[in-house]
Each structure stands twice: as C-alpha cells, then as structure tokens.
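Asker: Residue numbers (full-length UniProt numbering): 1 to 426. We put the CB at the ideal spot given by N, CA and C, even for glycine.
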C-alpha cells in the first residue's frame, strides 16, 4: 500500500503504541483487500461496548484496555487506549439496566456493558446505542467516507445518504477510530457505486410491508449486487427505505441500491448505471410478491402468538406513534408480550409526546439500545413471534429457534391483542 508521510509516522509510533497497532491492522487489512491506499474518515460507527463472554474474559485479564487491544486492534499486548481521533459512535448493543426484569438478559452482561460505556465515553465515543445512527444525529453528508458496521445502517448510508462505507467489522472500526483512516476500496471508489442489476416493479409498492417484500425479493436475487429499482413505486419515506435496505441486506448482501429520482446518486436510470448498458430487468409482479410473503411466513405453523416485535431497524418516532394509535383503548392478550425497539433518544421524544404512556397502558413496552437478535433474548417461553420486520422474520427463527409470522403493523397489533395470528396478504 502507498502510505502518506503522516500515515507512515503513525505506523512508526509517532502517536503512540495504540495508534501504531491500529495503523498496522489497517495496512494488513488493506493489503488483503488489494487496496492501493487509505482514505480519510471522520465518521466511525462500531460496537465497542457490546458484551460477550470473550470480552468479559479479557476485561478480567487486564481491564478494558486489554479488551480493546485484542478485539479492536488485533494486538497481543495490552495497550493504553487514547481518545478517539475522529467522531465515533456506538451502534446497537445489549439490553441495559432499564430493561432488567423485562428482557431476560444476563445481569453480568448489563454490568459489563455499563462499564464499557464509561470506558468508551471517556475516550470520545458517542453512545448512540442504535442500529439507526442516522435517526439520532450521525448523518454523514453525500460523498463523505465513513467506517460503519451494521448491514442495515451501511446500506442506508450508501444508498439514501450518498455517503461511502463498506460493511466494516469490530477491528477495522476500532482501528479507524484511532487513526481517521480506512482502506480505499469497494464502496469508497466511485466506479464501484454504479448499478449492476435492474429490478422492474410491476405490482404497485405502496406500503411499509410492500417495501420489505420488495427488498427481500431484491436481495435474494442480486445478492451482493447494486440493484436499480424502477417501476410502479409510491414515493418512499425514511421508514420505507430503511425497511427496504434492511430486507435486501438480509436475504442477500446488498450494501447499496439506487431508485432513480429518489436516491442521490441516481438522478436518472442512465446515471444509476454510470452510462453503461442497462441489463435485462428482473421483474417483480403479483406472483413474486405472493411468493416472498409466503417465504417469510413459512416458519409459522402455530397461530398462537407469544411475542410481538416491532422496530427493526430501530423504530422512528412516527412508527412509535402509529403503534400507539393502533393500541389506543386496547389491552394486550394475557399470554402475549409486545416490544417496540427504538433508539433511546427517540424513546425520550415518544415519552414526552405521550406515545409511550399509551403503549404501556395497553401492556406493551418501548425498549432501547438493543434487539432480540443482537442480545439473543426474547420473553421467556416464547415459541411463536410476529413482526412487521422482514429482517427479524429472516433471522430470529434461526437465532432463537422460534416460529415467525410476518405482516403489517395492524396485523401485529391485532396479534398482540388477541394472542393469535390472523394476518394475510392483501
């Protein structure tokens, strides 16, 4: 790799051993990727505070410096970790103290995470604790080089915001936070951001459910490609686009998509493909819509629902408000729990707006910082859950060994109130 004089100085230890270890990791990482150089980043989103048995063992050995050195810098030595060099935020993590008694999450992990937040916060990590940092203050500008983890955040960052990031890991984000550098490859390069597949929508996409179905269809077909989506689409909002991206990153590995006239790097179909030949379309019609819906519901056999999960990716204020309105004057079934996952900052807004009170009066909960997939935690005894998230319907049955139903917000709220699944494709 070609390094600048400043980068060579960091590698040689001019800014201390931890920065040198970080730069060494980035050079090895970049060479493995065949990247020619590094690029500057001032926006890192990682998972420094997420608890794990390995992290607990390392903390017991040598404190949080030890854990960060091994897991985030790939160092055998215990290094003194300095302040983050560039703006860095914490993504979603485990359940915190305010979920004790609600989510069955190990108390030792809650304590470990509280310690981790203090360690990271003292070094300049913003504890946003959400998979949707763009909803709560971390909003990179078009063309900005970032170093983000979390597949649903990465696809939103590239596609909707027009910023640039690959799907990074704990080590690369840890190293980037101390150096302000990341390998220049993949989605950082303009030539790698043009469309690879054309998806033509012939069955109108109008709702949150439909954007999830379309995303799941698209990811399954294009895998790690960059789809360009055209056709019979109602104009999407933030919530629709985060559902579409999360679904396409779950069924496939989509890190960027274009919707001509909607997403910033696709003013037109021609520009979405960079002037290259437009490929033959992959058609999404009524039959495809029905097939995707059935795929997402083929893991449900029992109609009794123990658990309803909303807010994946983490809910917006509008989504929390919609759930509150659907629950107004109603009460959850005695055998069913409802969790709505949200960023802590947006739960505060929901609290002040009265939405949380309505949800709690019905028996539901608005929980923060985490989700059942991240924490591997659901209400005790859960056998069947319902969700409006294509991503959770995809992952949670495998993670927790439970059955899943997928449908609209209204279907899910009805299931929470009646204790039974009655959703159907309309």
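Does residue 7 come out as helix, strand or coil in the three-state DSSP assignment?
Answerer: Correct three-state label for residue 7: helix.
Asker: May I ask you to report which of helix, strand or coil DSSP gives residue 254?
Answerer: coil
Asker: Would you call the stretch 280 to 297 and the stretch 91 to 104 touching, i.e. three or more CB-CB distances under 8 Å?
Answerer: no
Asker: How about the stretch 176 to 184 and the stretch 31 to 42: do they share at least three Cβ pairs that are nearer than 8 Å?
Answerer: yes
Asker: Helix, strand or coil: how does DSSP classify residue 405 here?
Answerer: strand
Asker: When burial is assigned at 16 or more other CB atoms within 10 Å of the CB, is residue 139 buried or exposed?
Answerer: exposed
Asker: For residue 111, count neighbouring C-beta atoms within 10 Å of its own C-beta (all shown protein chains included) and say buried if the count is 16 or more, exposed if not.
Answerer: Burial call: exposed.
Asker: Quick check on the DSSP output: the beta strand (DSSP E) that includes residue 88 runs from which residue to which?
Answerer: 88 to 90
Asker: By the 10 Å Cβ neighbour count, where 16 or more other Cβ atoms means buried, how is residue 334 classified, buried or exposed?
Answerer: exposed
Asker: Pairs of beta-carbons, one from the stretch 331 to 350 and one from the stretch 358 to 370, closer than 8 Å: are there three or more?
Answerer: yes
Asker: From the DSSP output, which residues share a beta bridge with residue 339?
Answerer: 309 and 365
Asker: How about residue 229 and residue 218: do their beta carbons lie closer than 8 Å?
Answerer: yes
Asker: According to DSSP, simplified to helix, strand and coil, what is residue 95?
Answerer: coil
Asker: Taking the alpha carbon of residue 289 as the reference point, which residue from 59, 77 and 407 has its own alpha carbon closest?
Answerer: 407
Asker: Using CA coordinates, which residue listed in 146, 43, 330 and 380 is at the minimum distance from residue 307?
Answerer: 380
Asker: Between residue 116 and the rest of its own chain, which residues show a CB-CB distance below 6 Å, the 5 nearest in sequence each way excluded?
Answerer: 49
Asker: Heavy atom of the ligand NAD less than 7 Å from the Cβ of residue 259, yes or no?
Answerer: Here there are no bound small molecules, and the ligand NAD is not part of this structure.
Asker: With burial defined as no fewer than 16 other Cβ atoms inside 10 Å of the residue's Cβ, what is the status of residue 8: buried or exposed?
Answerer: exposed
Asker: Within 10 angstroms of its Cβ, does residue 189 collect 16 or more other Cβ (buried), or is it exposed?
Answerer: exposed
Asker: List, from N- to C-terminal side, the alpha helix (DSSP H) runs of 4 residues or more that fit wholly inside the stretch 205 to 251.
Answerer: The stretch 205 to 251 contains these whole alpha helix (DSSP H) runs: 208 to 222 and 238 to 251.
Asker: Along the alpha helix (DSSP H) that carries residue 157, what are the first and last residues, could you check?
Answerer: In this chain, the alpha helix (DSSP H) harbouring residue 157 covers 151 to 159.
Asker: Go to residue 40, then tell me how far its beta strand (DSSP E) extends in each direction, as first and last residue.
Answerer: 38 to 40
Asker: Taking the alpha-carbon positions, what's the residue 97 to residue 396 distance?
Answerer: 23 Å
Asker: From which residue to which residue does the alpha helix (DSSP H) around residue 282 run?
Answerer: No alpha helix (DSSP H) contains residue 282, which is instead part of the beta strand (DSSP E) from 281 to 284.
Asker: In terms of alpha-carbon separation, which member of 247, 255 and 207 lies closest to residue 232?
Answerer: 207
Asker: For residue 14, which residues from the same chain have a beta carbon less than 6 Å from its beta carbon, with the 5 sequence-adjacent residues on both sides left out?
Answerer: none
Asker: Could you say which of 27, 256 and 409 lies nearest to residue 175 if we only look at CA atoms?
Answerer: Comparing Cα-Cα distances from residue 175 to each of 27, 256 and 409, the minimum goes to 27.
Asker: Tell me, please, which residues DSSP counts as bridged to residue 182.
Answerer: 39
Asker: How about residue 41 and residue 147: are their beta carbons less than 8 Å apart?
Answerer: Yes, these two residues count as a Cβ contact at 8 Å.
Asker: Give me the Cα-Cα distance between residue 80 and residue 166, rounded to the nearest whole angstrom.
Answerer: 28 Å
Asker: Specify the secondary structure class of residue 387 as computed by DSSP and reduced to three states.
Answerer: strand
Asker: Can you check whether the CB of residue 383 is closer than 8 Å to the CB of residue 403?
Answerer: yes
Asker: Cutting at 7 Å between CB atoms, please list the residues of its own chain near residue 83, excluding the five before and the five after it.
Answerer: 123 and 124
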